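Note sheet for the following structure.
There are 2 protein chains.
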Amino acid sequence: MVAHRRIELARDLVKRLLRIGATANLLNLLQKQHPADLATIFSELPEKEREAAFSLLAEQNGRLAMEAISELGPEVGTLLLSTRTAEEIARLAQEIPSDDAAALINSLPEELSIAVLDLMRPKESGVVEHLLEYDDQTAGRIMNPNVFALSEDLTVGEAITELQGARDVEMVFYLYVVDGRRHLVGVTSLRRLLLVSPETPLKRIMTTDVISAQAETDQEEVAQEVASYNLLALPVVDKENKLVGVITVDDVIDVIKDEATEDIYRLAGVVGDERSFTPPLESLRKRLPWLGVNLVTAFFAAVVVAFFEGTIERVTALAVFMPVVAGMGGNAGTQTLTVIVRGIALGELSWGNSRKALFKEFAVGIGNGLVLGLIAAVVVWGMRGNLAIGLLLGAAMIVNMFVAATAGTLIPLGLRAANVDPALASSVFITTMTDVFGFLSFLGLATLFLGYL
Amino acid sequence: MVAHRRIELARDLVKRLLRIGATANLLNLLQKQHPADLATIFSELPEKEREAAFSLLAEQNGRLAMEAISELGPEVGTLLLSTRTAEEIARLAQEIPSDDAAALINSLPEELSIAVLDLMRPKESGVVEHLLEYDDQTAGRIMNPNVFALSEDLTVGEAITELQGARDVEMVFYLYVVDGRRHLVGVTSLRRLLLVSPETPLKRIMTTDVISAQAETDQEEVAQEVASYNLLALPVVDKENKLVGVITVDDVIDVIKDEATEDIYRLAGVVGDERSFTPPLESLRKRLPWLGVNLVTAFFAAVVVAFFEGTIERVTALAVFMPVVAGMGGNAGTQTLTVIVRGIALGELSWGNSRKALFKEFAVGIGNGLVLGLIAAVVVWGMRGNLAIGLLLGAAMIVNMFVAATAGTLIPLGLRAANVDPALASSVFITTMTDVFGFLSFLGLATLFLGYL
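Heads up: the protein sequence lines correspond to chains V and X, in order. For reference, each letter of the first sequence is one residue, going 81 to 533 in this note's numbering. For reference, each letter of the second sequence is one residue, going 81 to 533 in this note's numbering.
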């Protein structure tokens with residue numbers, strides 16, 4: 081990709097200019113970059129060089145430096161900021177929109193964040209503190225409180241004059257209309273302003289049926305609303321329907337990415353806010369609980385096997401094929417689970433139409449079991465010359481694929497019905513089910529037909 | 081959520097009106113819905129009722145019916161269309177933007193799609209056929225070819241007049257400027273038009289440094305570009321830099337969702353275009369190949385176990401704890417794999433900074449192994465009164481967690497370096513590695529220390 085190549089070149093040039101100490105040239109190069117490209121460059125530079133380049137830019141062009149940091153996301157951004165003094169962070173935080181400042185300050189260590197808020201201009205720290213009062217992952221937390229609004233009493237001509245004077249309003253495509261007490265009463269667009277004469281009252285060209293979100297609404301619902309109605313922005317109102325902020329589609333894209341990450345992670349038993357470069361000790365603390373749960377469930381499977389120890393003692397070949405039954409069931413179950421969890425997340429699947437999905441998964445499970453069980457039986461027959469063990473393995477695989485289909489469908493749908501995130505039905509639980517039922521059917525059948533083995 | 085409740089009510093009302101045959105009321109209700117809400121209602125209705133409601137709406141308000149179908153996505157939408165005649169589909173396809181029509185026609189059975197194209201008005205089928213010439217998943221395929229552009233010779237006043245006359249241009253926020261041969265030469269915004277006097281030449285208020293995409297660019301790159309530069313739309317140009325279309329941010333959101341689904345699916349060995357309601361036979365055909373691969377890898381593990389059959393014959397208790405070593409390794413490996421694959425997808429991780437990630441995963445793997453291995457050892461000691469087997473299990477778990485960390489990091493990074501989608505390093509391969517090395521270390525150590533068991 082062309083953009084990628086360009087960023088690579090810039091990154092290498094930054095390194096070179098740092099090495100030879102060409103500060104003026106370096107500053108010039110950095111200032112020419114788009115904040116998003118700067119963010120990529122910073123994230124790809126080794127730590128020392130990143131620190132040096134950022135310091136230089138932060139001193140000369142705080143706004144651009146902070147815009148790059150905002151693009152990096154609060155986790156990585158905070159890392160770069162945490163070595164600076166509270167005074168400097170306070171100065172820099174004032175350079176960016178208050179929603180971005182709030183996200184950054186929120187991810188600083190608590191003492192530092194309090195110090196930073198104390199050092200900011202009262203007006204700006206007030207806005208940030210107000211935003212931080214909203215719960216994490218709500219509309220209020222991700223909205224931009226600097227929303228441009230027009231009074232409902234204006235004419236189109238007056239509205240255009242107001243627009244011409246507006247400052248610090250990045251994106252104006254929807255124009256929200258409010259009454260004297262800032263209640264949201266309508267919406268119109270720049271384009272519509274252009275289509276009528278300046279004397280037209282704003283009221284006459286506005287839509288009164290405005291799609292909006294409450295400040296307490298979960299960010300995932302906001303994202304779904306913006307995505308399904310193809311909106312570019314969503315106004316945020318308080319309980320009295322007063323306009324308090326706006327969420328733009330670029331924030332929604334970040335939410336959609338984060339929620340997808342959360343789903344992918346939960347399916348694998350990873351806690352949502354871990355990243356590739358989360359410090360090892362923190363990662364350990366986040367992953368251990370899930371692996372602990374897995375240890376308990378793994379011992380369940382062990383207990384099932386222990387129950388059939390006598391059978392294994394007589395036919396050790398059973399131990400050889402245990403991993404095949406368990407592994408195949410686990411993977412088939414994970415396939416089903418993934419399709420179902422994603423179907424729920426995309427809104428295609430609900431409790432209402434779940435019977436159809438369940439029957440489909442039954443059919444697929446039995447079909448997979450028949451085909452793969454037969455192949456496995458033949459392979460075992462060929463490997464060991466023992467048809468009986470092959471048939472046992474095949475039969476156990478059919479049973480286990482059916483279990484996999486049932487567990488992979490019902491567990492996430494059940495969690496959903498109980499208002500729990502279905503992705504929490506992580507593969508850990510499914511593989512426990514398939515381990516337990518796989519060993520139970522394989523070793524159970526072997527015990528029943530022990531005379532033939 | 082309020083929106084959700086409203087849709088549920090509407091859906092139940094649709095059912096009731098269908099039952100009592102109140103066609104006029106039903107039509108009235110359907111026509112009041114937003115296309116996105118209609119899509120939800122259609123997807124939640126039982127098949128017969130969906131068919132009936134859609135037929136009614138398609139006859140009376142083809143445009144709205146088709147907008148709802150576009151929202152449903154081509155897979156589900158095609159299902160609804162496929163029972164109609166080619167004449168009717170051709171009539172309906174002309175009601176929606178040609179990019180949506182192209183997506184729908186593309187997912188129809190081939191014979192039907194040819195018949196439909198033949199029956200459409202030549203001008204419109206021409207546009208659709210032209211779009212279908214671009215490869216699937218490229219910018220050209222998802223762009224809207226009806227892009228509004230202004231000539232560079234206009235004044236601002238003339239531009240506003242052109243805008244007032246423009247039709248069928250849904251979203252105008254960026255205004256693209258072209259030269260006499262339709263080369264893209266600049267971009268400006270509605271807002272900027274309002275800030276200057278009508279006599280100002282357009283050239284003077286346009287930005288000439290336009291971010292655009294080539295029609296052949298992969299849609300994932302387009303999505304990343306729109307997301308990282310916070311764009312609302314991206315102009316698409318051909319090889320000569322002529323403006324051929326525009327991709328709006330709502331299309332990009334669909335791409336981001338689809339790509340996330342693809343990543344989630346690949347990690348679990350599911351093929352990208354399967355959905356909860358894909359017919360069973362088709363699902364079977366899609367899932368079997370992966371499970372077939374898994375069957376081969378599962379037999380690898382079986383061969384490793386078979387190698388130690390003599391040891392298991394003497395100490396059957398080993399068979400009991402085999403699933404613990406394998407299961408824990410598999411889950412730890414999946415955790416690592418997931419963090420790494422997602423890190424690559426989000427652009428945080430590249431081959432350049434991968435050493436740091438690898439060392440981190442080593443540390444986490446060994447840490448997890450030490451903690452969980454120790455616990456497992458104690459549990460086994462308690463369960464069987466056999467400290468030696470406990471220590472073996474613990475040691476094997478430590479080795480296997482290290483293997484899990486290495487495989488989970490290096491396989492996706494290696495695939496990425498080889499320009500293969502890292503998500504293809506599905507958990508199947510990782511669990512094979514951890515099964516094989518888990519059994520190898522557990523049973524291998526047991527064989528070495530057989531005298532102590």
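Where a beta carbon is used, it is the ideal one built from N, C-alpha and C, also for glycine. This structure is a prediction, so every number in the text was calculated from the model and none was measured.
- Note that the stretch 265 to 278 of chain V does not touch the stretch 293 to 305 of chain V; fewer than 3 beta-carbon pairs, one per stretch, sit closer than 8 Å.
- Using a Cβ distance threshold of 9 Å, threonine 235 of chain V and leucine 188 of chain V do not count as a contacting pair.
- Excluding five sequence positions before and after leucine 199 of chain V, the CB atoms of its chain that fall closer than 7 Å to its own CB belong to Ala166, Glu167, Ala170, given in chain order.
- Sixteen is the threshold: since fewer than 16 other Cβ atoms of the shown chains lie within 10 Å of the Cβ of serine 162 of chain X, the residue is exposed.
- Ranked by Cα distance from histidine 263 of chain X, the first of X/Val290, X/Thr280, X/Glu428 is X/Val290.
- Valine 290 of chain V carries a coil assignment under DSSP once its states are collapsed to helix, strand and coil.
- By the neighbour-count definition (other C-beta atoms within 10 Å, threshold 16), lysine 319 of chain X is an exposed residue.
- Residues of chain V with a Cβ closer than 7 Å to the Cβ of leucine 274 of chain X are, in chain order, Ile240, Leu243, Gln244.
- Per DSSP, the beta-bridge partners of asparagine 224 of chain V are V/Val326.
- In the three-state reduction of the DSSP assignment, tyrosine 256 of chain V falls in the strand class, which pools E and B.
- Spanning the alpha carbons of leucine 118 of chain X and histidine 84 of chain X requires a straight line of approximately 12 Å.
- Segment contact: the stretch 430 to 437 of chain X against the stretch 404 to 421 of chain V, fewer than three CB-CB distances shorter than 8 Å; contact not assigned.
- Between isoleucine 336 of chain V and alanine 313 of chain V, the C-beta spacing is not below 9 Å.
- Here valine 276 of chain V carries a coil assignment [DSSP, helix/strand/coil].
- Contact between phenylalanine 442 of chain V and phenylalanine 482 of chain V holds, since their C-beta atoms are separated by about 7 Å, short of 8 Å.
- Within the same chain, and ignoring the five residues on either side of threonine 103 of chain X in sequence, the residues whose Cβ sits closer than 7 Å to its Cβ are Leu136.
- A straight line joining the alpha-carbon of leucine 255 of chain V with that of proline 315 of chain V spans about 10 Å.
- For valine 267 of chain V, DSSP records a beta bridge to V/Tyr256, V/Thr287.
- Annotated three-state conformation of valine 500 of chain V is coil, per DSSP.
- No Cβ of chain X is located within less than 9 Å of the beta carbon of methionine 513 of chain V.
- For proline 403 of chain V, the nearest CB of chain X lies under 9 Å from its own CB, placing it at the interface with that chain.
- An exposed status is given to aspartate 216 of chain X, since fewer than 16 other beta-carbon atoms sit within 10 Å of its beta-carbon.
- Contact annotation: the stretch 439 to 459 of chain V touches the stretch 475 to 490 of chain V, with at least three C-beta pairs closer than 8 Å.
- Residue pairing of proline 315 of chain V in beta bridges, as defined by DSSP: V/Val326.
- Between leucine 523 of chain X and methionine 402 of chain X, the gap from beta carbon to beta carbon is short of 9 Å.
- The three-state reading of DSSP puts leucine 230 of chain X in strand, counting E and B together.
- Rounded to whole angstroms, valine 384 of chain X and methionine 408 of chain V show a C-alpha spacing of 17 Å.
- With a 10 Å radius around the Cβ and a threshold of 16 neighbouring Cβ atoms, isoleucine 194 of chain X comes out exposed.
- Against chain V, a Cβ distance below 7 Å from phenylalanine 379 of chain X picks out Val404, Val459.
- Taken in chain order, the unbroken stretches of alpha helix (DSSP H) that lie wholly in the stretch 473 to 528 of chain X and span 4 residues or more are 507 to 528.
- Under a criterion of Cβ atoms nearer than 8 Å, the residues of chain X adjacent to methionine 408 of chain V are, in order, Leu371, Asn374, Leu375, Ala378.
- Taking a Cβ-Cβ threshold of 9 Å, the residues of chain V close to phenylalanine 357 of chain X are Gly423, Glu428, Leu429, Asn433, Lys436, Ala437, Lys440, in chain order.
- Linking valine 421 of chain X to glutamate 354 of chain V through their CA atoms gives a straight-line distance of about 13 Å.
- In the displayed model, threonine 235 of chain X falls within a strand according to three-state DSSP.
- Between the stretch 495 to 507 of chain V and the stretch 357 to 366 of chain V, the count of Cβ pairs shorter than 8 Å is below three; the stretches do not touch.
- The Cβ-Cβ distance between phenylalanine 529 of chain X and alanine 437 of chain X does not fall below 9 Å.
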